Amino acid sequence: MRIESLLDDGASDYRRVDARQRELHARIADGDETDALMLVEFDHVYTAGSSTRPDDVPDDEVPVVKIDRGGSVTYHGPGQLVAYPLIRVHGRQDVVAYVRALEAAVIATIAEYGVVGERVAGRTGVWIVRPGEPDRKLCAIGVRFARRTTMHGLALNVRTDLGGFGRIVPCGIRDAGVVSLDELGVRTDLAEVAERLVPHLRRELARFRAPEAAPHAPADPGAPGAPEPITVPAAAAAAAEPNEAQ
């Protein structure tokens, strides 16, 4: 799995990176490019997945970008490590198993820093769970399968300014919070975390990757298009599609 890192660029524009993701996705789905893993840090942006509800963004002046992943609204910004695996899937397209694999990779990564990450029943992502405290999400996950090829991925809060989450209901979950590695006492940077994360992603995602000789996927009229700028709540989306998860 080839690594395409944009971390040296600093905080990148979401639309520019999304266009590159879609270009790579199309080429990988067509068999013209090998599987890739994009690593990026975004400038401030809110993205709304397919299950976003009007009250997930209480302030209707918050501009968000509607995208074709599962899940609700989330925040991306400086200090957050975003990883987009773009792989042609071999065999059954099990979105839930794929999401569990992403979670496992993150849990293994943060364990190297002495941080115990957990799964929470009924909730996607990696969480910090402590007795007597609300659960706090450390890593959000939202994906899509299109033309047997994955897109979108995970967002791990490393040194993120968590105030960016204050204008939304992160992932549509009202009884939980968010947290970063920095807030948990881990002093590191995105490049160092990425270096630790990549081997775990390679291991966990190996079983999903198609052999090089696998037949190419046919064209899909539902292939992903460019993101649409909206202001929630006016354009809240419906429930997640079967090929999406968050």
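Residues 29 to 274 (my numbering) are what the sequence shown spells out, left to right. Glycine included, C-beta positions come from ideal geometry on N, C-alpha and C. In this text the structure is predicted, and so the values were computed from the model without any measurement.
Here the stretch 73–82 makes no contact with the stretch 124–133; the two share fewer than three CB pairs at distances below 8 Å. Only residues of its own chain outside the window of five on either side were considered, and among them M29, D63, I115, R116, V117 and H118 have a CB closer than 8 Å to the CB of R237, listed in chain order. Taking the Cβ atoms as the reference, A222 lies roughly 15 Å from H104, outside the contact range of under 8 Å. For V45, no beta strand (DSSP E) encloses it; the enclosing alpha helix (DSSP H) starts and ends at Y42 to A57. In the displayed model, Y126 falls within a helix according to three-state DSSP. In this structure V124 is exposed. Its beta-carbon is surrounded by fewer than 16 other beta-carbon atoms within 10 angstroms.
About 13 Å separates the Cβ atoms of V148 and V134, ruling out a contact at the 8 Å cut-off. Per DSSP, the unbroken beta strand (DSSP E) holding R30 starts and ends at R30 to S33.
Inter-segment contact for the stretch 40–49 and the stretch 65–77 is present: three or more beta-carbon pairs are separated by less than 8 Å. Counting C-beta pairs with one atom in each stretch, the stretch 183–193 and the stretch 204–220 have three or more that are closer than 8 Å, which means they touch. When C-alpha distances from A111 are compared across M179, I56 and A54, the shortest belongs to M179. In the three-state scheme derived from DSSP, where H, G and I count as helix and E and B as strand, I196 is classed as coil. Leaving aside the five residues that flank W155 on each side, the residues in its chain whose CB is nearer than 6 Å to its CB run, in chain order, E146, V148, D163 and K165. With 16 or more neighbouring CB atoms inside 10 Å of its own CB, I56 falls in the buried class. Counting the other CB atoms within 10 Å of its CB gives V144 a total below 16, which places it among the exposed residues.
Assignment of E223 by DSSP, reduced to helix, strand and coil, places it in the helix class.
The beta carbon of R176 sits closer than 8 Å to the beta carbons of A57, R116, V117, Q121, A238 and A245 from its chain, once the five residues preceding and following it are set aside; these are given in chain order. For D41, same chain residues with a beta-carbon under 7 Å away, outside a window of 5 residues either side, are D71 in chain order.
Per DSSP, the unbroken beta strand (DSSP E) holding E69 starts and ends at A64 to F70. Contact check for D84 against I196 passes: the beta carbons are separated by less than 8 Å.
Taking 8 Å as the cut-off, the Cβ atoms of I138 and T152 do not count as close. One alpha carbon belongs to I31, the other to K94, and they sit about 26 Å apart. Remark: C-beta atoms of L109 and L212 do not approach each other more closely than 8 Å.
The bridge partners DSSP lists for A183 are V110 and A168.
As computed with DSSP, H104 is found in a beta bridge with V73.
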